[in-house]
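Residues in the sequence shown are numbered consecutively from 9, following my numbering. For glycine and all other residues, C-beta sits at the position ideal for the given N, C-alpha and C. Accompanying notes for the structure given below.
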Amino acid sequence: MKHSLLRPAEMAVLLAVALVIVPLLFYLPLWLPALVELMLLLRACLLLRQSRLPGLAVLLPLLALAAAGVWLNLNTLIGREGGAALLILLLGFKVFESRQQRDWQVVLALGFFLSAMPLLFDQSPWSALWLVISLLALTWAMLRLAGDIPSGSARTAVQALLLSLPLMLVLFVVMPRLPGPLWSMPHDTHTAQTGLSDSMEPGSISQLVQREDAAFSVVFSGQAPSVSQMYWRIMILDDFDGRRWQNVHGLQQETAQLQGGQLIRYRLTGKPTRSRLPLLEYPLQAPGGSGLEPGRLFRLASDSDDMVRVDASSLLGSHYRQSLSLSDQDFYRRLPPGNPASRQLAMQWRMQSQGDAGFVREALLHFRLNGYRYTLTPPLLEGDNTTDAFLFSTRQGFCEHYASAFAFLARAAGIPARVVTGYQGALYNPLGRFWQVRSSDAHAWVEVWLQETGEWLRVDPTAAVAPQRVSDGVSQTIPALQPAMPLMGSRIPGWLLPLQQSWQAAGFAWQQWVVGYDAARQLNLYRLLGLGESVDAVAVLRALLLGGGLALLPLLWWWRKRPATAPLQAGRNLLVAALQCHGITIQPSDGPLDMLNKAAHLPKDVRVLLKQLLKEYAAMRYRHAELPAKQVQAWLRQVRSFAQQARKKRQRS
Numbered sequence: 009m010k011h012s013l014l015r016p017a018e019m020a021v022l023l024a025v026a027l028v029i030v031p032l033l034f035y036l037p038l039w040l041p042a043l044v045e046l047m048l049l050l051r052a053c054l055l056l057r058q059s060r061l062p063g064l065a066v067l068l069p070l071l072a073l074a075a076a077g078v079w080l081n082l083n084t085l086i087g088r089e090g091g092a093a094l095l096i097l098l099l100g101f102k103v104f105e106s107r108q109q110r111d112w113q114v115v116l117a118l119g120f121f122l123s124a125m126p127l128l129f130d131q132s133p134w135s136a137l138w139l140v141i142s143l144l145a146l147t148w149a150m151l152r153l154a155g156d157i158p159s160g161s162a163r164t165a166v167q168a169l170l171l172s173l174p175l176m177l178v179l180f181v182v183m184p185r186l187p188g189p190l191w192s193m194p195h196d197t198h199t200a201q202t203g204l205s206d207s208m209e210p211g212s213i214s215q216l217v218q219r220e221d222a223a224f225s226v227v228f229s230g231q232a233p234s235v236s237q238m239y240w241r242i243m244i245l246d247d248f249d250g251r252r253w254q255n256v257h258g259l260q261q262e263t264a265q266l267q268g269g270q271l272i273r274y275r276l277t278g279k280p281t282r283s284r285l286p287l288l289e290y291p292l293q294a295p296g297g298s299g300l301e302p303g304r305l306f307r308l309a310s311d312s313d314d315m316v317r318v319d320a321s322s323l324l325g326s327h328y329r330q331s332l333s334l335s336d337q338d339f340y341r342r343l344p345p346g347n348p349a350s351r352q353l354a355m356q357w358r359m360q361s362q363g364d365a366g367f368v369r370e371a372l373l374h375f376r377l378n379g380y381r382y383t384l385t386p387p388l389l390e391g392d393n394t395t396d397a398f399l400f401s402t403r404q405g406f407c408e409h410y411a412s413a414f415a416f417l418a419r420a421a422g423i424p425a426r427v428v429t430g431y432q433g434a435l436y437n438p439l440g441r442f443w444q445v446r447s448s449d450a451h452a453w454v455e456v457w458l459q460e461t462g463e464w465l466r467v468d469p470t471a472a473v474a475p476q477r478v479s480d481g482v483s484q485t486i487p488a489l490q491p492a493m494p495l496m497g498s499r500i501p502g503w504l505l506p507l508q509q510s511w512q513a514a515g516f517a518w519q520q521w522v523v524g525y526d527a528a529r530q531l532n533l534y535r536l537l538g539l540g541e542s543v544d545a546v547a548v549l550r551a552l553l554l555g556g557g558l559a560l561l562p563l564l565w566w567w568r569k570r571p572a573t574a575p576l577q578a579g580r581n582l583l584v585a586a587l588q589c590h591g592i593t594i595q596p597s598d599g600p601l602d603m604l605n606k607a608a609h610l611p612k613d614v615r616v617l618l619k620q621l622l623k624e625y626a627a628m629r630y631r632h633a634e635l636p637a638k639q640v641q642a643w644l645r646q647v648r649s650f651a652q653q654a655r656k657k658r659q660r661s
């Protein structure tokens, strides 16, 4: 019976830790967090049944086996994914060797540490909300484990977090910011990454486009371009093996020049795709003053997939001129054997058209007039001659089918060509005043090099088949063609659209002002508050003194509003917890006499001390005059000693 008295506190710890593990189900191999949750459930069952715990001879081999599973899944035990997996695994085994109160305190400490781990994977408002829930649960479990507040511990946990909120806000605002993102960590190379790949084959983009998560957000300075002009370049694919396009050439330096065009300035916020960020066609310079890669592509210096914010500028509609050597021209014309019908068609157009530009017009006219369909579920392209099968048989495909076929035709006609992948279009949010590009906006198009002018010309064959895809966006196009996409934006009922926009605007504000609160924003705030022109030690000290004083006001208000009986109530709670250690359940309605009667079976020395403590409690509790502070503190010391002895006796038994 006495062993069962600690069970509610231990159960509270297990429940709180289980809540901490839940978000990791979305970021780690599913079997691992599920296994840890199952271990916590098994430990709870052992608590209820008062069964014997397994020894180290059983736990250590199981731990080694589970660690081997992590290694086989992730190929590492360190880094973000590997380290998180190993830590929650150790936590799952730790609960099986937890017997004494101090062991459960270690489990709680691990829970507090792990509660922030989901922020290494995602810094959305949902992650922050779950962090608050986890902290509330852990604080509640800590109070239950301490035994000082057996009842009302949930309310006390909420009060504690609310009182700490002002100080937390002050520290968030005034503490010096690190140069990079607070949660920045390099991604593990062996883990799967979302977003556009560094290769393209039939079905690769159509799978990505069915996801509705946000890729990045953009705020334009001044007038935004039209949706049809929003081509966000991220990758150039220049080698074709008959089915897959990939990047293998890698020009050593950017020799192209931009001529003409409209200058567009914008701020882009999003997660990199393999360290790459999409920029509007064509970027004038790389954000932060760094250089652009060949093809005017932008890659971050650090190998990280954390949310970043960059200021960029592009020349919209400019001429992208580049001098190609003969070897480069031959490379961009290179094709594998096969697809004879496509080659014959390309040569036929070549002879009929005047120049490279004429060939482009002839090919686009062919796509427009010959019954091609834009669909997410085209027939499979089997065999070695996939381009022939698409052009002359199925005639159904998504953007990657049309881009691949057009690039093949251009190369077969002797025109240097390459495939470009990225995003096309954006959706405006009037509440947040920003443009959002989603994974469903992923797109592929072609660039051909015109020898007459020496420039790369963007050609989008998809626009010839489904012009509304470029002018209105994929979310306005696909539902009419493919009813099997229930998550597209246009499928949301009109009365729910404001709610969706409000949530997107809230998420955008969160990324801008919380996750994106960097050193530059902090310096602007310091200037606004008159704290100085730099974030130095003096400015930080001033801000801490000012903000810390304001943060203490709620605590002082709570202290002054605290009832006079609060110390006495805390002492009574300690007595209740002590009696629970002896197997006695005290109800909130029980008075001192009831408590003493329920303790009649206790040893004489315990009953005598309890009677004295309850007698003093009753005298002070119902005294009309003001209580002397020294008398109350002396009584509390005796009560704490009584409760401590009861806990020690419970642990020994």
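Cβ neighbour criterion (16 or more within 10 Å) applied to residue i
i: Y710; result: Outside the modelled stretch of the chain, which goes from 9 to 661, sits residue 710, for which no answer is possible.
i: S225; result: buried
i: R351; result: buried
i: R110; result: exposed
i: N532; result: exposed
i: M493; result: Caution is warranted here: a pLDDT of 40 is assigned to M493, below 50, making its placement in the model unreliable, and no coordinate value can be reported.
i: V103; result: buried
i: S212; result: buried
i: T385; result: exposed
i: K279; result: buried
i: D613; result: exposed
i: L507; result: exposed
i: N347; result: buried
i: T461; result: exposed
i: D246; result: buried
i: N378; result: exposed
i: S448; result: buried
i: P469; result: buried
i: A20; result: buried
Assumed close pair residue i, residue j - CB separation to whole angstroms, cut-off 8 Å
i: T277; j: Q432; result: The pair is not a contact, with the Cβ atoms about 19 Å apart (cut-off 8 Å).
i: L587; j: I594; result: 6 Å
i: F414; j: A371; result: 6 Å
i: S142; j: S123; result: 4 Å
i: L94; j: V44; result: L94 to V44, Cβ: 11 Å. No contact.
i: R329; j: A264; result: 6 Å
i: L663; j: Q362; result: This structure cannot settle anything about residue 663, because the visible part of the chain is limited to 9 through 661.
Coil, strand or helix - residue i by DSSP
i: I213; result: helix
i: A223; result: strand
i: G391; result: coil
i: Q646; result: helix
i: M359; result: helix
i: I592; result: coil
i: A425; result: strand
i: A452; result: strand
i: L662; result: Only positions 9 to 661 of the chain appear in the structure, and residue 662 is not among them; the question remains open.
i: S234; result: coil
i: V30; result: helix
i: V316; result: strand
i: T383; result: coil
i: V256; result: coil
i: R15; result: helix
i: F726; result: An answer regarding residue 726 cannot be provided, because it is not within the stretch 9 to 661 covered by the chain.
i: F180; result: helix
i: L36; result: coil
i: S207; result: strand
i: L67; result: helix
i: G91; result: helix
i: Y340; result: coil
i: N378; result: coil
Those residues which DSSP pairs with residue i across a bridge
i: W79; result: In DSSP, W79 forms no bridge with anything.
i: P291; result: S322
i: T84; result: Per DSSP, none; premise fails for T84.
i: Y328; result: L266 and W464
i: M243; result: T429
i: L169; result: Paired residues: none, contrary to the question.
i: E370; result: Beta-bridge pairing links E370 to no other residue.
Residue-chain proximity (residue i, chain B), Cβ-Cβ < 8 Å
i: L80; result: This model lacks chain B altogether; it includes just one protein chain.
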